[in-house]
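Numbering (the numbering used here), first residue to last: 41 to 208.
Note that beta-carbon positions come from the ideal geometry of N, C-alpha and C, so glycine has one too.
Note that the structure is predicted; figures quoted are calculated from it, not measured.
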């Protein structure tokens, strides 16, 4: 099979030629930026609750929240690096995350069950955001982004289930 020669016409204006058009890369990066904002917001909320949880479930919730925020810390890096791989800049300020996030972080003192309920909503919001980006990545044959989105959805769906189980 003959190799296709890369020409100026087949390379995007930003010099990236990975088999995904510049327009599609930007659309995917925009969706991933929303996912990054939701993930970072969930990270902050989970870390806040880790610090501030009280009550009879303190130890188990403190440890569960730590596990979840630690995983989210790694995830935001992976999402941001995928955005950069697509040739876009990752949002990286509280202001920008606040604009892009699909939910807000509560600022008041909450009881443990209220914290859990907010975390369920946050986990589910991340899933919905990831699911919303998937069709764009799929249409562009962007398998690495599809893989990232699938892994994120699976983890957040499981976390939401585990947190909901605490409220039953």
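query, result
"Thinking C-beta only, is residue 200 closer than 8 Å to residue 164?", "yes"
"Compare the Cα-Cα distances from residue 158 to each of 67, 89, 70, 68 and report the closest residue.", "89"
"Tell me the start and end of each unbroken alpha helix (DSSP H) in the region 57 to 143 that is at least 4 residues and wholly inside, in chain order.", "62 to 92, 98 to 125, 134 to 140"
"Could you give the distance in angstroms between the alpha-carbon of residue 76 and the alpha-carbon of residue 179?", "21 Å"
"Pair every Cβ in the region 140 to 155 with every Cβ in the region 77 to 86, then say whether three or more of these pairs are closer than 8 Å.", "yes"
"Any idea if residue 192 is buried or exposed, counting beta-carbon neighbours within 10 angstroms, 16 or more meaning buried?", "buried"
"Using the three-state DSSP reduction, which class does residue 198 fall into: helix, strand or coil?", "helix"
"Give the range of the alpha helix (DSSP H) segment to which residue 162 is assigned.", "152 to 179"
"Just to confirm before moving on: does the CB-CB distance between residue 68 and residue 170 stay below 8 Å?", "no"
"My output table needs one value for residue 187: the three-state DSSP class, helix, strand or coil.", "helix"
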